[in-house]
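S.K.:
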Amino acid sequence: GTSFTKHGMCMNIPPGKTVIHATNDASDINKDYNVDFPIVGDAKLVLRQMIEACRAIAGDSRKDDQSTAKEVQSEREGWLSQWRAKLSDNSTPMTPYRVIWDFMHTIPPEDAIVTHDSGSPRDQITPFYRSNGPRTYLGWGKSHGLGTGLGLTIGAKLAAPEKVCVNFMGDAAFGMVGLDFETAVRSGIPIITVVLNNSTMAIETQSMTDSHGLYGTRDLGGNYADLGKAMGGYAERVEDPSQISAAFARARKVTEEEGKAVLLEFITNEETEFSHRRAF
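Residues in the sequence shown are numbered from 1277 upward in steps of one, following our numbering.
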């Protein structure tokens, strides 16, 4: 389901296409696009009914052709092999890709609900993190601003207290909403907030050349683990990539056994390499 609202950060539907629009709000229909087949209802129910309709038309037989799946798997393995060196990089400051890779191999995706943030964390997590089913990854692309992920994770933990709820954010995002970590502490909501601290807005390296040269506009700084402790949470600052997995294991233990919110600060490099990234 979607509103199909036209947005500066979203892809537009090309003209001449047949549009099937499923939404739970009738006011969305024909709001921004002329819809050929409007469907108003809960997304899960609508999809179930569409599957039933397709079965009625095409029958219940499944194609026993694994060629497409094998092709996708082969392409993925080839792509992943190009990134393995970075995903297992032992250099310091560490690459954020190592943090993400070790995280998903320490906390099983089926146990977690994960979200990104605006900027680099979004573009670094999206290609590599493999979620495990509905509602285990909150992906919101470019539809919101810096810091959105922290509030989403608090909400996710309230909705699914049995899950390990984690948000990844950069130091710029923490600068926008970081003190809201205290809300999780005060309210007894044991989330894990990951701050990828590279002391700069690396993703803006090319777009802020003049302003940074004149005024240092990309420069950031601070010890965010100390802030997390000052706000009453459990916090660690991790500088050694060999300690990433252990830090995540401890964080999970603290949230589950002590019921405390956790802030993990990882000192990372100014990573500017992305996989399959484009402006829009």
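A virtual CB, placed ideally from N, CA and C, is assigned to each residue, including glycine.
The model shown is predicted, which means the values in this text are computed figures rather than measured ones.
Got a sec? Which residues, its chain only, sit under 8 Å from Gly-1228 by beta carbon, not counting five neighbours each side?
M.R.: Since the first residue of the chain shown is 1277 and the last is 1556, residue 1228 is not available in this structure.
S.K.: Say whether the region 1365-1374 touches the region 1539-1547, bearing in mind that this needs 3 or more beta-carbon pairs closer than 8 Å, one atom from each stretch.
M.R.: At 8 Å Cβ cutoff, the stretches touch.
S.K.: So what does DSSP say about Thr-1485, is it helix, strand or coil?
M.R.: On the sequence shown, residue 1485 is found 209 positions in, with the first residue counted as 1. If DSSP states are grouped into helix, strand and coil, Thr-1485 belongs with the helices.
S.K.: I'd like to check one pair, Leu-1472 with Glu-1512: are the Cβ atoms closer than 7 Å?
M.R.: If you number the sequence shown from 1, residue 1512 lands on position 236. If you number the sequence shown from 1, residue 1472 lands on position 196. In this structure, Leu-1472 does not lie closer than 7 Å to Glu-1512 by Cβ.
S.K.: Is the beta carbon of Phe-1444 less than 7 Å from the beta carbon of His-1392?
M.R.: Residue mapping note: residue 1444 aligns to position 168 of the sequence shown, counting from 1. Residue mapping note: residue 1392 aligns to position 116 of the sequence shown, counting from 1. Yes, the Cβ-Cβ distance between Phe-1444 and His-1392 is below 7 Å.
S.K.: What is the DSSP secondary structure of Phe-1444, reduced to helix, strand or coil?
M.R.: Reading the sequence shown from its first residue, position 168 is the one you call residue 1444. Correct three-state label for Phe-1444: strand.
S.K.: Only counting the same chain, and skipping five residues up and downstream in sequence, which positions put a Cβ closer than 7 Å to that of Pro-1403?
M.R.: For the purposes of this step, residue 1403 is identified with residue 127 of the sequence shown, where counting begins at 1. Excluding positions up to five away in sequence, the list reads Ser-1551, His-1552.
S.K.: Which same chain residues, not among the five before or five after Ile-1296, have their C-beta less than 6 Å away from its C-beta?
M.R.: The residue given as residue 1296 occupies position 20 in the sequence shown. Excluding residues within five positions, the ones whose Cβ falls inside 6 Å are Phe-1313.
S.K.: Below 8 Å on the Cβ atoms is my guess for Pro-1466 versus Gly-1508; work out the distance and round it to an integer in Å.
M.R.: Position 190 of the sequence shown holds residue 1466. Position 232 of the sequence shown holds residue 1508. No, Pro-1466 and Gly-1508 are not in contact; Cβ-Cβ is about 12 Å, not under 8 Å.
S.K.: Leaving out five residues on either side along the sequence, give the residues of the same chain with a beta carbon under 7 Å from the beta carbon of Trp-1416.
M.R.: Counted from its first residue, the sequence shown places residue 1416 at position 140. Correct list, in chain order: Thr-1424.
S.K.: When the Cβ atoms of the region 1452-1462 are set against those of the region 1499-1508, are three or more pairs found closer than 8 Å?
M.R.: In short, these stretches touch, since the Cβ pair count reaches three.
S.K.: Look at the alpha carbon of Gly-1498 and the alpha carbon of Gly-1489, and state the distance between them as a whole number of angstroms.
M.R.: Numbered from 1 along the sequence shown, position 222 holds the residue referred to as residue 1498. Numbered from 1 along the sequence shown, position 213 holds the residue referred to as residue 1489. Each residue's alpha carbon lies about 21 Å from the other.
S.K.: I need the straight-line Cα distance from Ala-1388 to Glu-1347, nearest angstrom please.
M.R.: Numbered from its first residue, the sequence shown carries residue 1388 at position 112. Numbered from its first residue, the sequence shown carries residue 1347 at position 71. Cα to Cα, Ala-1388 sits roughly 29 Å from Glu-1347.
S.K.: Which one of Pro-1397, Glu-1549, Ser-1279, Lys-1439 has the shortest CA to CA distance from Ala-1448?
M.R.: What you label residue 1448 is simply residue 172 of the sequence shown in a count that begins at 1. The shortest C-alpha separation from Ala-1448 is found at Pro-1397.
S.K.: Please go through the same chain and pick out, in chain order, the residues whose beta-carbon is closer than 8 Å to the beta-carbon of Trp-1377, but skip the five residues on each side of it.
M.R.: Locating residue 1377 in the sequence shown gives position 101, where the first residue counts as 1. Cβ within range, chain order: Leu-1363, Ser-1364, Phe-1404.
S.K.: Taking the alpha-carbon positions, what's the Tyr-1373 to Asn-1408 distance?
M.R.: Position 97 of the sequence shown, counted from the start, is the residue given in the question as residue 1373. Position 132 of the sequence shown, counted from the start, is the residue given in the question as residue 1408. Going from the Cα of Tyr-1373 to the Cα of Asn-1408 covers about 19 Å.
S.K.: With Thr-1424 as the anchor, note down where its alpha helix (DSSP H) starts and where it stops.
M.R.: Counting from 1 along the sequence shown, the entry for residue 1424 is found at position 148. Residues 1424-1435.
S.K.: Using three-state DSSP, classify Phe-1379 as helix, strand or coil.
M.R.: Position 103 of the sequence shown, counted from the first residue, corresponds to residue 1379. DSSP places Phe-1379 in helix when its eight states are reduced to three.
S.K.: Nearest-angstrom Cα distance between Gln-1325 and Val-1316?
M.R.: Within the sequence shown, residue 1325 is the residue found at index 49, counting from 1. Within the sequence shown, residue 1316 is the residue found at index 40, counting from 1. Rounded to the nearest angstrom, the two C-alpha atoms are 12 Å apart.
S.K.: Just the C-alpha distance for Asp-1301 and Asn-1288, rounded to the nearest angstrom, thanks.
M.R.: Reading the sequence shown from its first residue, position 25 is the one you call residue 1301. Reading the sequence shown from its first residue, position 12 is the one you call residue 1288. Answer to the nearest angstrom: the Cα atoms are 20 Å apart.
S.K.: By the DSSP assignment, the alpha helix (DSSP H) with Ile-1520 in it spans what residues?
M.R.: As a working note, residue 1520 is residue 244 in the sequence shown. Residues 1520-1529.
S.K.: With DSSP as the reference, label Glu-1547 as helix, strand or coil.
M.R.: Taking the first residue of the sequence shown as 1, we reach residue 1547 at position 271. Coil, per DSSP.
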